[in-house]
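Numbered per my numbering, the sequence shown spans residues 22 to 379. All C-beta atoms, glycine included, are put in the ideal place defined by N, C-alpha and C. Below you'll find the structure, written out as structure tokens, and then a few comments.
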Amino acid sequence: MILVDAHEDLAWNMLTFQRDYSRSAAEIRQSEAGSAIWQWNGDTLLGWEEYQRGQVMLIFSTLFAAPVRKKLGDWDTQCYTDSRQAKKLYRAQVEAYLSLVEQNPQKFTLIQTRNDLQNLQNEWQQAKDSHPVGLLMLMEGAEAIEHPEEVETWWNSGVRILGPAWAGNAFCGGTNEPGRLTKLGEQLLESMANVGFALDLSHMDEPAALQALDFYEGIVIATHANAKALLRGIESNRHLSDRLIHRLIERDGVIGVIPYNAFLKAGWREGEPREEVTLLDLVAHIDHICQLAGDSQHVGIGSDFDGGFGWQSVPVEINTIADLQKIVPLLSERGYATQDITNIFHGNWLRCCNRFLP
């Protein structure tokens, strides 16, 4: 089953740990053996061979850096003190994607238009030993934008999705840093809509996200977020309330669920046995969103693999991203028809892409 993964911090990994995703996950793990990388980000779940086995056709590939107040150590090089420094880091990440494609034209391709996406789909419909993986750029946290009108420059660089927040910033509140949409945030959304960006609500504080749903005229999605209702006892604003999920559904939005143990099972902590969480916990989040929607048209996958966690922190059945295919029979056993599973694996995200890509 072809998979669209709506969230991977590839450039961040490429520049922080020199991970080469044209290699297999096994090769990357071997190259990092004996290093401290697994302590900082876990063992990688990603690699080109695994993309092929996992039928990963398209990845929403992020531009991500953290404010220096969130810096985790000397190894954490992708951090900024102000918007100018964030802009420099994001530019380097754009260049990292361009270089990855230029150096591996048979393995990766940039997706910036509907025509690019259709060509990619045509490639995957052919019976070949391997297929190129599409990279669609997503800005996670808008700190690189000093003035709202600058969004057009990023659009011209190939970015097609923009999430205003990771942590809280001048635009709105973010994860564990509450705050409403600011006046500058409203101006940012207005500029984004004028250009044609899809808005990613992931990481936005709920009051800000609800304001954005009222305010934003373009496509609205959540690339990587889970259902708060299934995580009772966790007060973090990182997860989506049923109210927010309903509002996204009303806007024909799609939510990418995250196969990260701490976001699947309340009480799981880093360092605890991964065997305590299974893919059935992920299926529960998928099913919750489908039940709220009354159909299968508003949920997908946004793995966030290698985004601050790795093999040590995912459901026990997963060794690499290729193992997300194991969700297919679990959904079938839950009563989901083939068309429903197709929607969840790629159909919903492709529908969204065809609405915001030029």
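Practice item. Tell me whether GLY189 is buried or exposed, calling it buried when 16 or more other Cβ atoms sit within 10 Å of its Cβ. Key: Here residue 189 corresponds to residue number 168 of the sequence shown, with the count starting at 1. It is buried - the Cβ of GLY189 has at least 16 other Cβ atoms within 10 Å.
Check your understanding: How is HIS28 classed by DSSP in three states: helix, strand or coil?
Key -> One-based indexing of the sequence shown puts residue 28 at position 7. Residue state, collapsed to three classes: strand.
**Study point:** Under 7 Å between C-beta atoms of LEU384 and CYS374
**Key:** Outside the shown range of the chain (22 to 379) lies residue 384, about which nothing can therefore be said.
Practice item. With a floor of 3 residues, list each beta strand (DSSP E) that falls wholly inside the segment 307-375, ordered by position along the chain. Key: 320-322
Review point. Is the Cβ-Cβ distance between ARG201 and ALA230 less than 7 Å?
Key: Taking the first residue of the sequence shown as position 1, residue 201 is located at position 180. Taking the first residue of the sequence shown as position 1, residue 230 is located at position 209. No, the pair does not count as a contact, with Cβ atoms beyond the cut-off.
Review point. To the nearest angstrom, how far is it from the Cα of ARG376 to the Cα of ILE240?
Key: By 1-based counting over the sequence shown, the position of residue 376 is 355. By 1-based counting over the sequence shown, the position of residue 240 is 219. Approximately 7 Å, taken between the alpha carbons.
Point to revise | Distance CB(THR65)-CB(ILE49) smaller than 7 Å | key: As a position in the sequence shown, residue 65 is number 44, starting the count at 1. As a position in the sequence shown, residue 49 is number 28, starting the count at 1. Yes, the Cβ-Cβ distance between THR65 and ILE49 is below 7 Å.
Check your understanding: Which value, in whole angstroms, describes the spacing of the CA atoms of MET272 and ALA233?
Key -> Numbered from its first residue, the sequence shown carries residue 272 at position 251. Numbered from its first residue, the sequence shown carries residue 233 at position 212. One detail in the question is off: residue 272 reads as Arg in this sequence, not Met. If you take the alpha carbons of ARG272 and ALA233, they lie about 12 Å apart.
Review point. Whole beta strand (DSSP E) runs in the segment 24-81 with 3 or more residues, listed along the chain?
Key: 24-29
Check your understanding: Between which two residues does the beta strand (DSSP E) carrying THR130 extend?
Key -> Taking the sequence shown and counting its residues from 1, the one referred to as residue 130 is at position 109. THR130 -> beta strand (DSSP E) spans 129-131.
Practice item. Return the CA-CA distance between ASN136 and LEU157, expressed in angstroms with no decimal places. Key: Taking the first residue of the sequence shown as 1, we reach residue 136 at position 115. Taking the first residue of the sequence shown as 1, we reach residue 157 at position 136. If you take the alpha carbons of ASN136 and LEU157, they lie about 13 Å apart.
Review point. Which term fits LEU252, buried or exposed, when burial requires 16 or more other beta carbons within 10 angstroms of its beta carbon?
Key: Here the question's residue 252 lines up with position 231 in the sequence shown. That one is buried.
Review point. Hey, how far is the Cα of ASN215 from the Cα of TRP59?
Key: In the sequence shown, residue 215 corresponds to position 194, counting from 1. In the sequence shown, residue 59 corresponds to position 38, counting from 1. Going by the C-alpha atoms only, they are around 42 Å apart.
Check your understanding: Is the closest heavy atom of the ligand COA to the C-beta of ILE342 under 6 Å?
Key -> Ligands in the displayed structure: none, and consequently the ligand COA is not present.
**Study point:** Buried/exposed call for LEU93, threshold 16 Cβ in 10 Å
**Key:** The residue labelled residue 93 in the question sits at position 72 within the sequence shown. Result: exposed.
Review point. According to the Cβ coordinates, are ALA46 and GLY68 closer than 7 Å?
Key: Looking up residue 46 in the sequence shown gives position 25. Looking up residue 68 in the sequence shown gives position 47. Yes, these two residues count as a Cβ contact at 7 Å.
Point to revise | Residue burial classification, THR341 (beta-carbon count within 10 angstroms, cutoff 16) | key: Taking the sequence shown and counting its residues from 1, one reaches residue 341 at position 320. Under this definition THR341 is a buried residue.
Review point. Leaving out five residues before and five after ASP103 in sequence, what residues of the same chain have Cβ atoms less than 7 Å from its Cβ?
Key: Sequence index remark: in the sequence shown, residue 103 carries index 82 (1-based). Excluding residues within five positions, none has a Cβ falling inside 7 Å.
Check your understanding: Just how far apart, CA to CA, sit GLU207 and VAL337?
Key -> Start at 1 with the first residue of the sequence shown, and residue 207 comes out as number 186. Start at 1 with the first residue of the sequence shown, and residue 337 comes out as number 316. If I take the Cα positions, the gap works out to 42 Å.
Point to revise | Unbroken beta strand (DSSP E) run spanning GLY162, endpoints | key: Looking up residue 162 in the sequence shown gives position 141. Counting along the chain, GLY162 falls outside any beta strand (DSSP E), and DSSP gives it neither H nor E.
Point to revise | Alpha-carbon to alpha-carbon, GLY179 and PRO379 | key: Translated into positions along the sequence shown, residue 379 becomes position 358. Translated into positions along the sequence shown, residue 179 becomes position 158. One C-alpha to the other measures close to 11 Å.
Practice item. For the segment 272-298, list the alpha helix (DSSP H) runs that are entirely contained and at least 4 residues long, ordered along the chain. Key: 282-285
**Study point:** Inter-residue spacing [alpha-carbon to alpha-carbon] between ASP308 and SER353
**Key:** Here residue 308 refers to the residue found at position 287 when the sequence shown is read from its first residue. Here residue 353 refers to the residue found at position 332 when the sequence shown is read from its first residue. So the alpha carbons of these two residues sit roughly 12 Å apart.
Review point. Grouping DSSP H, G and I as helix and E and B as strand, with all else coil, what is PRO169?
Key: Start at 1 with the first residue of the sequence shown, and residue 169 comes out as number 148. Helix.
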